[in-house]
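Peer 1:
In our numbering, the protein residues as written are 829 to 1442.
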């Protein structure tokens, strides 16, 4: 049985009333109601059967379910007659309670399974000690110059009532009510800076902030200290500058406006953070990303049309200066296009295939950045090809003019041109160009040469997967991300180094030594063709990936030719690599099943391509 223990000390003032032979019938539907009525009945019956003054008795009452009620005097009043009357009336009231409870619902009956109380009965004229309420204490603090710094009241160490804080010249700084009430903040000149309501020290309702000229700056709404509803910021002329709408979960919409009232920026909010597409507009209401896309299309078409004057409009000044001026830049660009066309490679069209992304860096002059993914379609001697890449666009005049750089050169190279590139603008590793319409002549030549193409179960070229993995591995060295680097290391290499931790220390030490000598790995460019070989009996794929390693040094820029040899045992999903500089014998120590047809050439030594002495 559930035991409910009620420890109660109930003080009842006995008011004169009529006499009764037995407790009145109780009308109640819960245990608590019935219990309180029973105690009240005992008080009335005791008063009706006695005439005493200034007496108080405490009677103990006990019963358990299925048992009898027991009462006894716990603390005597000093009058045996008064004690006996009170004890008898409590006994009768509790017995009546048990009878009444039989008609209650089972859940309510269970609440009264067991009762143990000390119940106090006293006469109406029993002297009561008056309760002394503590008084707040006035607290004042002063500056060294004697000026009043703060004045208010504290009770038990907490601020209560009216508080004021002053500047050292005596002017009012804060005026507030504690723990709840309106709080105001002022400037030294007496201007209102902020006003709002606090409830138990927590912001509730509308708060208004003003600038030092007295103009309304922000209007914010709070619920339990959290922003909710409409929140606004204003220009000095009173026009709306920002508007944010939150629900109770922090979800909603944020908008910013131009001084002319046109929408400048809007974004959805989830948990009070920008999410999804962020839209930026110019002062005429035009989407800035659309302006960027229009200009990007013009730039790409200028390459096809060989309109190098137009193309140069979109080039960064650093690139033009590096080329030796505008004329030299145009000549160099034309030479690149002409060389490609002599090799039978021609850009046919560009398709911008989204999603485009906009970013804003709010500096002294706002900087807009755009990410524009695209597909470049080309014709080649071996068929039609497609290259996936993107343009990174930059504008400092709200999208009126744009400069572009191709993203396939990698983030580090883009940062040379755009040092303030937002961290949120992620540049991926792009796949190598692919053939989409291979000519019959080329197919016949490949078959005659014995060239093989391998695909995984999803139809993806295994050579492309090897190349992507190789680029990640090489980039991890530049980024000093040795955790990523060890993912691509052969198990024998890890074991020979003494484990993964030892290998990471070894690679880090080698890179630090190179840098101490002024050598720095800048980038890796993978050259064509990537070749894939298969050991069918082992279901192992091997890749040969030629590359060009670019380094900077105290004497100038250095280029080293090399290759990576890759191996995969899961249809190209995961790759391990070893550099081919050690020749075939060195590679076979680590890859004993290396296919015979995978030839490893002798590579030339590193060469200086930009002698600083010149």
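Ideal Cβ positions, reconstructed from N, Cα and C, are used throughout, including at glycine.
Looking at the unbroken alpha helix (DSSP H) that takes in residue 1411, where does it start and where does it end?
Peer 2: Counting along the chain, the alpha helix (DSSP H) containing residue 1411 begins and ends at 1411-1418.
Peer 1: Anyone know if the C-beta pair for residue 1013 and residue 1021 falls short of 8 Å?
Peer 2: Yes, these two residues count as a Cβ contact at 8 Å.
Peer 1: Using three-state DSSP, classify residue 1078 as helix, strand or coil.
Peer 2: Three-state result, residue 1078: coil.
Peer 1: Within 10 angstroms of the Cβ of residue 1010, are there 16 or more other Cβ atoms? Answer buried if so, exposed if not.
Peer 2: Classification of residue 1010: exposed, given that the 10 Å Cβ count is below 16.
Peer 1: Can you tell me which of 1342, 1358, 1374, 1398 puts its alpha carbon nearest to the alpha carbon of residue 1367?
Peer 2: Comparing Cα positions, the closest option is 1398.
Peer 1: Quick one: is residue 896 near chain D, going by C-beta distance under 8 Å?
Peer 2: Judged by its chain identifiers, the structure shown contains no chain D, having just a single protein chain.
Peer 1: Quick check: the Cα distance between residue 1305 and residue 1218, rounded to an integer number of angstroms?
Peer 2: So the alpha carbons of these two residues sit roughly 24 Å apart.
Peer 1: Report the residue from 925, 1060, 1260 whose alpha carbon sits nearest the alpha carbon of residue 941.
Peer 2: Nearest of 925, 1060, 1260 to residue 941, Cα basis: 925.
Peer 1: With residue 1360 and residue 1294 assumed to form a contact (beta carbons below 8 Å), what rounded beta-carbon distance in angstroms separates them?
Peer 2: The pair is a contact, with the Cβ atoms about 7 Å apart (cut-off 8 Å).
Peer 1: Which stretch, first to last residue, makes up the beta strand (DSSP E) that contains residue 1388?
Peer 2: Segment 1384-1396, the beta strand (DSSP E) holding residue 1388.
Peer 1: Where residue 1028 and residue 1055 are concerned, what is the direct C-alpha to C-alpha distance, given to the nearest angstrom?
Peer 2: Using only the alpha carbons, I get a separation of about 17 Å.
Peer 1: Helix, strand or coil for residue 1125? Go by DSSP, reduced to three states.
Peer 2: Residue state, collapsed to three classes: helix.
Peer 1: Give the DSSP-derived three-state secondary structure of residue 777 in the structure shown.
Peer 2: Look at the range of the chain in this structure, 829 to 1442, and you will see that residue 777 is not part of it.
Peer 1: Please tell me whether residue 949 and residue 874 are closer than 8 Å, where the distance is taken between their beta carbons.
Peer 2: Closer than 8 Å, so yes.
Peer 1: Would you report the Cα separation of residue 953 and residue 902, rounded to the nearest angstrom?
Peer 2: Those two C-alpha atoms are separated by around 21 Å.
Peer 1: Looking only at its chain, what residues have a beta carbon closer than 7 Å to the beta carbon of residue 1313, apart from the 5 residues adjacent to it on each side?
Peer 2: Closer than 7 Å at the Cβ level, and outside the excluded window around residue 1313, lie 1301, 1304, 1305, 1335.
Peer 1: Would a C-beta distance cut-off of 8 Å place residue 1186 and residue 1116 closer than the cut-off?
Peer 2: Contact: yes.
Peer 1: Short of 8 Å in beta carbon distance, which residues of its chain neighbour residue 1246, apart from the five on each side in sequence? Order them along the chain.
Peer 2: Closer than 8 Å at the Cβ level, and outside the excluded window around residue 1246, lie 1197, 1220, 1222, 1233.
Peer 1: Consult DSSP for residue 1134 and reduce its assignment to one of helix, strand or coil.
Peer 2: Three-state DSSP puts residue 1134 in coil, outside helix and strand.
Peer 1: Apply the 10 Å Cβ neighbour rule to residue 957 and answer buried if 16 or more other Cβ atoms are within range, or exposed otherwise.
Peer 2: Answer is exposed; the Cβ neighbour count stays below 16.
Peer 1: Give the list of continuous alpha helix (DSSP H) stretches no shorter than 4 residues that lie fully inside the stretch 1183-1266.
Peer 2: The stretch 1183-1266 contains these whole alpha helix (DSSP H) runs: 1239-1245.
Peer 1: Quick one: what's got a C-beta closer than 6 Å to residue 1078's C-beta in the same chain, skipping five residues either side?
Peer 2: So the qualifying residues of the chain are 1099, 1100.
Peer 1: Would residue 910 and residue 863 qualify as a contact pair, given that the criterion is a beta-carbon distance under 8 Å?
Peer 2: Their beta carbons are not under 8 Å apart, which means residue 910 does not touch residue 863 by this criterion.
Peer 1: Thinking residue 983 and residue 1007 are a contact (beta carbons under 8 Å), I'd like their distance in whole angstroms, please.
Peer 2: Actually they do not touch by this definition, with Cβ atoms about 10 Å apart.
Peer 1: Which residues share a DSSP beta bridge with residue 1059?
Peer 2: Residue 1059 pairs with 1072.
Peer 1: Output the distance between the C-alpha atoms of residue 1433 and residue 1358, rounded to the nearest integer angstrom.
Peer 2: Roughly 22 Å separates the two Cα atoms.
Peer 1: The alpha helix (DSSP H) with residue 858 in it runs from where to where?
Peer 2: Residue 858 -> no alpha helix (DSSP H), and no H or E assigned at all.
Peer 1: In three-state terms, what does DSSP make of residue 960?
Peer 2: Note: residue 960 maps to coil in three-state DSSP.
Peer 1: Among 1106, 1375, 871, 1379, whose alpha-carbon lies nearest the alpha-carbon of residue 1477?
Peer 2: Only positions 829 to 1442 of the chain appear in this structure, which leaves residue 1477 out of reach.
Peer 1: Under 8 Å between the Cβ atoms of residue 1003 and residue 971?
Peer 2: No, they are not a contact pair.
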